[in-house]
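**Q** This is the structure I want to talk about, given as structure tokens.
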Amino acid sequence: MSAPINPVPLGVEVRGYVEQRGKGGRHRARVRWTDPTTKRRDSKSESFDSEEEALEWLERIERAAARGVAPKTATATLKEYGEAHWDTAMRGVEPKTLDPYRAAGGAASCRLSGTCRSR
Numbered sequence: 408m409s410a411p412i413n414p415v416p417l418g419v420e421v422r423g424y425v426e427q428r429g430k431g432g433r434h435r436a437r438v439r440w441t442d443p444t445t446k447r448r449d450s451k452s453e454s455f456d457s458e459e460e461a462l463e464w465l466e467r468i469e470r471a472a473a474r475g476v477a478p479k480t481a482t483a484t485l486k487e488y489g490e491a492h493w494d495t496a497m498r499g500v501e502p503k504t505l506d507p508y509r510a511a512g513g514a515a516s517c518r519l520s521g522t523c524r525s526r
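What follows is the structure in structure tokens.
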């Protein structure tokens, strides 16, 4: 299982910026925030072909953070999110019932992410 994806506490300011990287014209969008509980500064960044794409990503992350969704959660794949929250979601489910959920979860994330591989 992955490390848990922690939410941004409501009211925490997420600051972001976009910068051009190198001569190729790629743009990096980056957001940073400080967790008031741990006092740890965290960040998330992604690269884009255009400044417009980077600005759109930045706006999406800032809107999600305003709702209390951490940037790392907002950008997680279905598989990452599912792995991080599996134990909580399956709490109280009978052990004999878990196998079908595991099998369905793998198929569902494969279909949604488009990363299915034939066996």
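Residue numbers (my numbering): 408 to 526. In this text, a Cβ means the ideal position worked out from N, Cα and C, and glycines have one as well. Treat the numbers as computed from the prediction; the structure is a model and nothing was measured.
What's the call for P507, buried or exposed, on a 16-neighbour Cβ count within 10 Å?
**A** exposed
**Q** With DSSP collapsed to three states, give me the class of E420.
**A** If DSSP states are grouped into helix, strand and coil, E420 belongs with coil.
**Q** Report the rounded CA-to-CA distance for A421 versus S454, giving the unit in angstroms.
**A** According to the sequence provided, residue 421 is Val. The question's Ala does not apply to it. If you take the alpha carbons of V421 and S454, they lie about 18 Å apart.
**Q** With a Cβ-Cβ cutoff of 8 Å, do K446 and P478 count as a contact?
**A** no
**Q** Provide the residue span of the alpha helix (DSSP H) that contains E466, from first to last.
**A** E458 to A473
**Q** Taking the C-alpha atoms as reference points, what is the distance between V419 and D442?
**A** 7 Å
**Q** Alpha carbon to alpha carbon, how far is P502 from E459?
**A** Cα atoms of P502 and E459: separation of roughly 48 Å, rounded to the nearest angstrom.
**Q** Cα separation between R433 and R467?
**A** 19 Å
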